[in-house]
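First comes the structure, then the notes that go with it.
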Amino acid sequence: MTEDFPMKDQDLQELFLLKYSRPNGMGWGPRLRRRFNYYTPDDYYEAMVSKLVQAGCAWADLGCGREIFPDNRTSAQILADRCDILVGVDPDITLEENNLVHQRVRSSIEDFQTDQTFSLVTLRMVAEHIADPDRTLQALSRITRPGGKVVVFTVNQWTPLALLARFIPFRFHHAIKKFIWKTEEKDTFPVAYRMNSRKQLAKLFLKYDFKERYFAYLDDCRTSFRFRLGQLAELSLWRTLKLVGLRYPENCLLGVYERL
């Protein structure tokens, strides 16, 4: 793990309380995760973006769809209000449902044309769908200011679920995701896995004059998050593996890259 932007426990704790606290109390899932001192990959991503969105920030969220943070509307609203400009870029019609971005641009990342440059660019669960990484990095290089940061949050291509997704025909993906996570069909897209290892990301970003400033593997214990016993089993396994120094088999990637 590189940590030019170290994630402090306080950052995660503040995000956790803001995200999960409710007037009628915290739900069983967050309470269980708190008992194990476990934070989800989304918690880490949202805490990182919260650190990087400063007053005066120009932020482009690429592939954002209908939500900046799908499960954390409160933090997303705070950050949208904090920055000077927030541009949502996505070719999908779900972008029209996003009422937090200041500007909507219906475009692919590669074809996104603007005279503006950004101090922060985020790609949340987008990299796994990118079929032409070089065109994407050319676009990122074009729109990111020198010293600006690109945050990539994506799946690890070598995890069990990612390997299954690679070999299972796409027509079955939504049915599986709906059963496990109750996702909508319009939120299921084909995967390419050409930017889904640390090595791939580092090589691509270096080629286009970006430096890795932070990288982490984020253990992902959410496969059975809808089922209390399943979640307890996952967290117990996670804690056991952690005690013996082993990485949890399901994990996500979080990288921050600075434009030189």
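For the sequence shown, the working numbering assigns the number 881 to the initial residue and increments by one for each residue that follows. We put the beta carbon where it would ideally sit given N, CA and C, even for glycine. The structure presented is a predicted model; accordingly, all values stated were derived computationally and were not measured.
Practice task
For Asp970, name the three-state secondary structure that DSSP assigns.
Solution key: In the sequence shown, residue 970 corresponds to position 90, counting from 1. In the structure shown, Asp970 sits in coil (DSSP, three-state: anything other than H, G, I, E or B).
Practice task
For the beta strand (DSSP E) containing Gly1135, list its first residue and its last residue.
Solution key: As a working mapping, residue 1135 is identified with position 255 in the sequence shown. From DSSP, the beta strand (DSSP E) with Gly1135 extends over 1131-1139.
Exercise for the section: From the DSSP output, in three-state form, read off Val929 for me. Expected result: One-based indexing of the sequence shown puts residue 929 at position 49. If DSSP states are grouped into helix, strand and coil, Val929 belongs with the helices.
Exercise for the section: Consult DSSP for Tyr1094 and reduce its assignment to one of helix, strand or coil. Expected result: Mapped onto the sequence shown, residue 1094 falls at position 214. Note: Tyr1094 maps to strand in three-state DSSP.
Problem - Proximity below 8 Å, CB of Thr1103 to CB of Glu1130 - result: Here residue 1103 is taken as the residue at index 223 of the sequence shown, counted from 1. Here residue 1130 is taken as the residue at index 250 of the sequence shown, counted from 1. Against a cut-off of 8 Å, the Cβ pair of Glu1130 and Thr1103 comes out as a contact.
Exercise for the section: Reducing DSSP to helix, strand and coil, say where Gln893 ends up. Expected result: Against the sequence shown, residue 893 aligns to sequence position 13. In this structure, Gln893 counts as helix in the three-state DSSP scheme.
Exercise for the section: State the DSSP-derived secondary structure class of Asp995, mapped to helix, strand or coil. Expected result: On the sequence shown, residue 995 is found 115 positions in, with the first residue counted as 1. Coil at Asp995, not helix or strand.
Practice task
Kindly provide the ranges of any beta strand (DSSP E) runs that are 3 or more residues long and lie completely inside the region 1003-1050, ordered along the chain.
Solution key: 1024-1035
Problem - Residue environment, Ile958, which counts as buried when at least 16 other CB atoms sit within 10 Å - result: As a position in the sequence shown, residue 958 is number 78, starting the count at 1. With fewer than 16 Cβ atoms within 10 Å of its Cβ, Ile958 is classed as exposed.
Practice task
Could you have a look at Arg984 and say whether DSSP puts it in helix, strand or coil?
Solution key: One-based indexing of the sequence shown puts residue 984 at position 104. The answer is strand: DSSP assigns Arg984 an E or B state.
Problem - Host beta strand (DSSP E) of Ala938 (start-end) - result: Translated into the one-based positions of the sequence shown, residue 938 becomes position 58. First-last of the beta strand (DSSP E) with Ala938: 938-942.
Handout entry: Enclosing alpha helix (DSSP H) for Lys1087 [first to last residue]
Key = Position 207 of the sequence shown holds residue 1087. Counting along the chain, the alpha helix (DSSP H) containing Lys1087 begins and ends at 1078-1087.
Handout entry: Given 8 Å, three or more beta-carbon pairs between the region 1016-1024 and the region 1119-1133
Key = Of all C-beta pairs linking the region 1016-1024 to the region 1119-1133, fewer than three are shorter than 8 Å, placing the two stretches out of contact.
Practice task
Please report how far the alpha carbon of Tyr919 lies from the alpha carbon of Phe1105, in whole angstroms.
Solution key: Residue numbering aside, residue 919 sits at position 39 when the sequence shown is read from its first letter. Residue numbering aside, residue 1105 sits at position 225 when the sequence shown is read from its first letter. Those two C-alpha atoms are separated by around 13 Å.
Exercise for the section: Decide if Pro1040 is buried, meaning its Cβ has at least 16 other Cβ atoms within 10 Å, or exposed. Expected result: As a working note, residue 1040 is residue 160 in the sequence shown. The residue in question, Pro1040, is exposed, as its Cβ has fewer than 16 Cβ neighbours within 10 Å.
Handout entry: Counted within 10 angstroms of its Cβ, other Cβ atoms place Trp1061 as buried (16 or more) or exposed
Key = For this step, residue 1061 is matched to residue 181 along the sequence shown. Reliability fails at Trp1061, whose pLDDT of 48 lies under 50, so the model's placement of it is uncertain and the value that follows must be treated cautiously. By the C-beta density criterion, Trp1061 is exposed, having fewer than 16 other C-beta atoms within 10 angstroms.
Exercise for the section: Identify whether Ile965 lies in helix, strand or coil by the three-state DSSP scheme. Expected result: Locating residue 965 in the sequence shown gives position 85, counting from the first residue. Correct three-state label for Ile965: strand.
Practice task
Compare the C-alpha of Asn979 against each of Asp991, Ala956, Ser1116, Leu1043 and name the closest.
Solution key: Position 99 of the sequence shown, counting from 1, holds the residue named residue 979. The alpha carbon of Asn979 has as its nearest neighbour, out of Asp991, Ala956, Ser1116, Leu1043, the alpha carbon of Ala956.
Handout entry: Start and end residues, alpha helix (DSSP H) containing Gln1111
Key = Stepping through the sequence shown from its first residue, residue 1111 is reached at position 231. From DSSP, the alpha helix (DSSP H) with Gln1111 extends over 1108-1123.
Handout entry: Burial state of Ser901 (16 or more Cβ within 10 Å)
Key = What you label residue 901 is simply residue 21 of the sequence shown in a count that begins at 1. Looking at its Cβ environment, which holds fewer than 16 other Cβ atoms inside 10 Å, Ser901 is exposed.
Exercise for the section: Taking only the alpha-carbon atoms, compute the straight-line gap between Lys1087 and Leu912 and give it to the nearest angstrom. Expected result: The count along the sequence shown starts at 1 and reaches residue 1087 at position 207. The count along the sequence shown starts at 1 and reaches residue 912 at position 32. Near 43 Å, if we compare the C-alpha coordinates of Leu912 and Lys1087.
Handout entry: Neighbourhood of Leu1098 by C-beta, 7 Å cutoff - its chain only, sequence neighbours within 5 removed
Key = Position 218 of the sequence shown, counted from the start, is the residue given in the question as residue 1098. Pro921, Tyr924, Asn1131, Cys1132, Leu1134, listed in sequence order.
Handout entry: Spatial distance of Gly933 from Asn904 (CA atoms)
Key = The residue you call residue 933 lines up with position 53 of the sequence shown. The residue you call residue 904 lines up with position 24 of the sequence shown. The amino acid at residue 933 is misidentified as Gly; the sequence shows Val. One C-alpha to the other measures close to 30 Å.
Handout entry: Helix, strand or coil at Asp1100 [DSSP, three-state]
Key = As a position in the sequence shown, residue 1100 is number 220, starting the count at 1. Looking at Asp1100 - three-state DSSP - the assignment turns out to be coil, as it is neither helix nor strand.
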